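Participant: Okay, so the first sequence: first residue is 2 according to my numbering, each after it adds one.
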Amino acid sequence: MDDFVVALGGKTGNFQGQFDYVLTHSYGHILQLKEPQEMVGDDKKTRYSSWRSLKYFPWDEKDFSWAKKIVPGRMKTLKEIRDAAKDCDGIIIATDDDPSGEGDLLGWEIVNAIHWKKVVYRIRFEDQSPKSIIAAMRQMTDVTNQMEQGEYLEALARQRFDLLSMQLSRIAMIYAKKAGYRPKTMRIGRLKSAIVGLIFDRNTEIENYVKKPYFEVKFKDQNGNIFSRKFDPDKDKFRFAEIKGAKDDLANFASSSIVIDEKKLKKQTPPPLVDLGQIGILVGAKGYKDKEIIKTYQDMYQAQIVSYPRTEDTQVTLEQFNELLPLVDQIANVIGVDSKLLIRRKPRLKFITKQAAHGANRPGLKVPKSLEQLEKRFGKIGVEIYQVVAKSYLAMLAEDYVYEAQKAHLAKYPDFKSSIQLPKEMNYKLIFDDRDLSDEEEIEAHEFKDPAAPFVYEGANPKPGKPTKKFILNFLKKHNIGTGATRLQTLAEISSGKGSLASLYRGGYILNYEGQVQAILSKGSMIASPKITKRLFDGMDRVKRKELDYQLIPQSMQTIVRHDMPIFETNSTILDQNATLQKLASKHQTKTVSKKVASKDKVTGKFNGEEISFNQTWGGHKFTQQEVADLLEGKTITINYRSKRGAQKSVSGKLAKQSYKGRSFYGFKPEF
DNA sequence: GCAAGGTC
2 MDDFVVALGG KTGNFQGQFD YVLTHSYGHI LQLKEPQEMV GDDKKTRYSS
52 WRSLKYFPWD EKDFSWAKKI VPGRMKTLKE IRDAAKDCDG IIIATDDDPS
102 GEGDLLGWEI VNAIHWKKVV YRIRFEDQSP KSIIAAMRQM TDVTNQMEQG
152 EYLEALARQR FDLLSMQLSR IAMIYAKKAG YRPKTMRIGR LKSAIVGLIF
202 DRNTEIENYV KKPYFEVKFK DQNGNIFSRK FDPDKDKFRF AEIKGAKDDL
252 ANFASSSIVI DEKKLKKQTP PPLVDLGQIG ILVGAKGYKD KEIIKTYQDM
302 YQAQIVSYPR TEDTQVTLEQ FNELLPLVDQ IANVIGVDSK LLIRRKPRLK
352 FITKQAAHGA NRPGLKVPKS LEQLEKRFGK IGVEIYQVVA KSYLAMLAED
402 YVYEAQKAHL AKYPDFKSSI QLPKEMNYKL IFDDRDLSDE EEIEAHEFKD
452 PAAPFVYEGA NPKPGKPTKK FILNFLKKHN IGTGATRLQT LAEISSGKGS
502 LASLYRGGYI LNYEGQVQAI LSKGSMIASP KITKRLFDGM DRVKRKELDY
552 QLIPQSMQTI VRHDMPIFET NSTILDQNAT LQKLASKHQT KTVSKKVASK
602 DKVTGKFNGE EISFNQTWGG HKFTQQEVAD LLEGKTITIN YRSKRGAQKS
652 VSGKLAKQSY KGRSFYGFKP EF
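Set out below in structure tokens:
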């Protein structure tokens, strides 16, 4: 709002002789949808509260009133807006121009909540400069008929779609329980499930990885540079599965001198400005938790030390660039960067955009006096954050990194080649080293040095990398899921609190019990596919353009649920086969009272000419189909079971008519 | 118990 006060000349006033205005502000979503069971009639409350029966799914979105309630703690803001609007003739919803319609949604939520019956206008600003704000004010549009406004409807559709996806958590829970598992909760949704699925797939690949070593002759020069041949598995025969082959091959080679083919000077421009996800990676590497990073960054933003956190922008406008330019020496001084490196005071085009609401994450207009002062106010983590943000920004003002690319081959064996990159001028890399953000390992480079000698090199098929924070954030970025901030936020949410699905272990995420159960259950489902977000966004775009009825988007959740339910069901039968889950399940038992409980599932069949049913599980052991058939035939079988004290034991027995508390039943009778 | 979106 401060930017509007500056642009329009006060908190109240007259806009260009056209109308009087009063400025007031909101704060994120002031309202949220009620719980499913709160949105339906009394006769349907049982159905929409239930976590017990599959017969209640899929939900019918037509049963919902889609009523909203005030977010706890936001009543004050709502009242302020209501009071400010009291004597006005119209309300202008003013937010940045974001394609998802979220600004329209949260604006309309407020307008509806205060029962506003007069005119509503909409403006969208490109950035928060006075020029852009005034330009936006001049392009006010009347949106009073909200059900005709595409941006509102697309966001409404998204919101309802996401809420309806809740039911998949209940469905997963029911299938989990039927299979004998007791997760505390399931958290299935298009974002969380995409991440959980990614972690699951990566870790499964790692578990299934079988190292296949190979051996071949390579050369090493006096500085350790390696010369090797290009390998084509269809043609070439110089790679051996056993070391002996390569050792024999070694006899065919002798030391050789090096011929340099090419020396070229190359330049590399500074990397794009960091987003909050990357800040999370870099600061997280120093041992701080994502949640702390997000919170501290938010606090620093409110103190204007850094710019707006939840930006979608990766560049800045020329105005934003020029605004910060007079402060760069001061910023450099605070973080101990030599101002002399900041040569490019005119921006490179790659960092500049015509349109940016908030601009990329960067230092704010208030420069801290010193790192000590920063630490006093925001802790050591604040210092780390500021350093990352400031260095990334200042690097943009430095000259390109210059290196010499050299290519060489061996004089005696021209097929053996090598290439190196020799740093010549570090320039921006003296300020900000982007190595930590890329997956490539940088090797210290040395000049080629004669002679190169042959040796037997041992390689292997590459082991899949762990699902690191970097890997997950890059994956989400690639699939256009969320902004840098929401990506980091979701990742933080997934690995903390009571609904925790995963945890960070030695740099990689591993799923815990709940995460593993839901990953297996939702494997191959639509809700867990990263494509679902793209499909949703495409649909929203069509709603915005009035090509699609917005109600069809929430309605499509019925199709998704119908499609996914049988997948969950099939997947629930293989929970028992997942070794990682079995390990987690045994830990889960010791931690909580709830555990892999004996399933009460019954099996039926003919026994002694009589149609009977009996429990499929005994002592934690679930009879296989073969065992069930054997039991029905009267055969004695031997099973492994869990004793009351938890020990694994073996026992033989057969099916028999028994009685318990005066009630007769058929069941497995052990022969102790 | 369950989503994803927003954060003066």
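Idealized CB from N, CA, C, for every residue including glycine. Owing to the predicted nature of the structure, the values given are computational and were not obtained by experimental measurement.
Name the DSSP bridge partner or partners of Ile638?
Facilitator: DSSP lists Gly654 as partners of Ile638.
Participant: Assuming Arg488 and Gly278 are in contact, meaning their beta carbons sit under 8 angstroms apart, how far apart are those beta carbons, in whole angstroms?
Facilitator: The Cβ separation is near 5 angstroms, so the contact holds.
Participant: Specify the secondary structure class of Trp619 as computed by DSSP and reduced to three states.
Facilitator: Here Trp619 sits in strand by DSSP.
Participant: Taking 8 angstroms as the cut-off, does the stretch 395-412 touch the stretch 322-333 (at least 3 CB pairs, one atom from each stretch)?
Facilitator: Output reads yes: the stretch 395-412 touches the stretch 322-333.
Participant: Per DSSP, which one or two residues make a beta bridge with Glu459?
Facilitator: Note: Glu459 sits in a beta bridge opposite Phe216.
Participant: If we call anything under 8 angstroms between Cβ atoms a contact, is Trp52 one with Arg171?
Facilitator: Yes, the Cβ-Cβ distance between Trp52 and Arg171 is below 8 angstroms.
Participant: What residue range does the beta strand (DSSP E) around Phe379 cover?
Facilitator: Unbroken run through Phe379 is the alpha helix (DSSP H), 372-396; no beta strand (DSSP E).
Participant: Considering only their Cβ atoms, is the gap separating Leu633 from Gly668 smaller than 8 angstroms?
Facilitator: Not in contact: Gly668 and Leu633 (Cβ atoms no closer than 8 angstroms).
Participant: With distance defined between alpha-carbon atoms, name the residue in Ala454, Tyr510, Gly540 nearest to Ile207.
Facilitator: The shortest Cα separation from Ile207 among Ala454, Tyr510, Gly540 belongs to Tyr510.
Participant: Taking the alpha-carbon positions, what's the Gln422 to Ser258 distance?
Facilitator: Cα to Cα, the separation comes out at about 20 angstroms.
Participant: Within 10 Å of its beta-carbon, does Asn362 have 16 or more other beta-carbons around it, so buried, or fewer, so exposed?
Facilitator: Its Cβ being crowded by 16 or more others within 10 Å, Asn362 is buried.
Participant: Nearest CA to the CA of Lys213: which residue from Asn462, Phe201, Leu343, Val275?
Facilitator: Ranking the options by Cα distance to Lys213, first place goes to Asn462.
Participant: Would you kindly report the start and end of the unbroken alpha helix (DSSP H) that includes Ile280?
Facilitator: Looking at the DSSP string, the run of the alpha helix (DSSP H) that includes Ile280 is 277-285.
Participant: What's the C-alpha gap between Gly525 and Tyr153?
Facilitator: Cα-Cα distance, rounded: 32 angstroms.
Participant: Ala173 bridges to which residues according to DSSP?
Facilitator: Per DSSP, none; premise fails for Ala173.
Participant: If the criterion is Cβ atoms closer than 8 angstroms, does the pair Ala177 and Ser557 meet it?
Facilitator: Their beta carbons are not under 8 angstroms apart, which means Ala177 does not touch Ser557 by this criterion.
Participant: Taking only runs of the beta strand (DSSP E) that begin and end inside the stretch 482-537, which ones reach a length of at least 3 residues, in chain order?
Facilitator: Segments of the beta strand (DSSP E) lying fully in the stretch 482-537: 503-506, 509-512.
Participant: Nearest by alpha-carbon distance to Lys425: which of Val260, Leu192, Gln147, Lys268 is it?
Facilitator: For Lys425, the nearest C-alpha among the options comes from Lys268.
Participant: According to DSSP, is Asp21 part of a helix, a strand, or is it coil?
Facilitator: It is a strand residue.
Participant: In this structure, does DSSP put Arg363 in helix, strand or coil?
Facilitator: Arg363 falls in the coil class under three-state DSSP.
Participant: With three or more C-beta pairs closer than 8 angstroms as the rule, is the stretch 247-262 touching the stretch 367-376?
Facilitator: Taking 8 angstroms as the limit for Cβ pairs, the verdict is that the stretch 247-262 does not touch the stretch 367-376.
Participant: What do you get for Trp619, buried or exposed, if any count of 16 or more other CB atoms within 10 angstroms of its CB means buried?
Facilitator: So Trp619 counts as buried.
Participant: Leaving out the 5 sequence neighbours to the left and right, which residues in its chain are closer than 7 angstroms to Ala453 when beta-carbon positions are compared?
Facilitator: Phe220, Lys221, Asp222, Phe228, Ser256, Ser257, Ile259, Leu411.
Participant: If we count Cβ pairs, one from each stretch, closer than 8 angstroms, do we get three or more for the stretch 184-195 versus the stretch 528-540?
Facilitator: Touching, yes.
Participant: Kindly give me the distance between the Cβ atoms of Gln303 and Leu366, rounded to whole angstroms, as I take these residues to be in contact under 8 angstroms.
Facilitator: Their Cβ separation, rounded to whole angstroms, is 13 angstroms, which puts Gln303 and Leu366 out of contact at 8 angstroms.
Participant: Opposite His410 in the DSSP bridges: which residues?
Facilitator: DSSP lists Val260, Lys418 as partners of His410.
Participant: Roughly how many angstroms separate the alpha carbons of Pro184 and Asn209, rounded to a whole number?
Facilitator: Straight-line Cα distance between these residues: approximately 25 angstroms.
Participant: Taking Thr96 as part of the alpha helix (DSSP H), name the residues at either end of that continuous run.
Facilitator: Premise fails: Thr96 lies in the beta strand (DSSP E), 91-97, not in any alpha helix (DSSP H).
Participant: Please list the terminal residues of the continuous beta strand (DSSP E) segment that includes Ile432.
Facilitator: Per DSSP, Ile432 belongs to no beta strand (DSSP E); it is in the alpha helix (DSSP H), 429-432.
Participant: Can you give the Cα-Cα distance for Asn323 and Glu127, rounded to whole angstroms?
Facilitator: For Asn323 and Glu127, the distance between alpha carbons rounds to 17 angstroms.
Participant: With a CB to CB cut of under 8 angstroms and the five nearest residues on each side skipped, what residues in its chain are close to Ala114?
Facilitator: Taken in chain order, the residues that qualify are Ile31, Leu32, Lys69, Ile71, Leu79.
Participant: Using a Cβ-Cβ cut-off of 8 angstroms (strictly less than) and excluding sequence neighbours within five positions of Asn579, which residues of its own chain qualify?
Facilitator: So the list reads Gln517, Ile521, once near-sequence residues are dropped.
Participant: Of the residues Ser420, Asn641, Thr637, which one's Cα is nearest the Cα of Lys623?
Facilitator: Residue Asn641 is the option with its Cα nearest to Lys623.
Participant: For the stretch 320-358, which segments carrying the alpha helix (DSSP H) assignment without a break, of at least 4 residues, lie completely within its bounds, in sequence order?
Facilitator: Counting only runs of 4 or more, we get 329-336.
Participant: Could you tell me if Gln140 is buried or exposed, where buried requires 16 or more neighbouring beta carbons within 10 angstroms of its beta carbon?
Facilitator: Looking at its Cβ environment, which holds fewer than 16 other Cβ atoms inside 10 Å, Gln140 is exposed.
Participant: From this set, Asp88, Ile111, Lys87, which residue's C-alpha is nearest Ala95's C-alpha?
Facilitator: Of the listed residues, the one whose Cα sits closest to Ala95 is Ile111.
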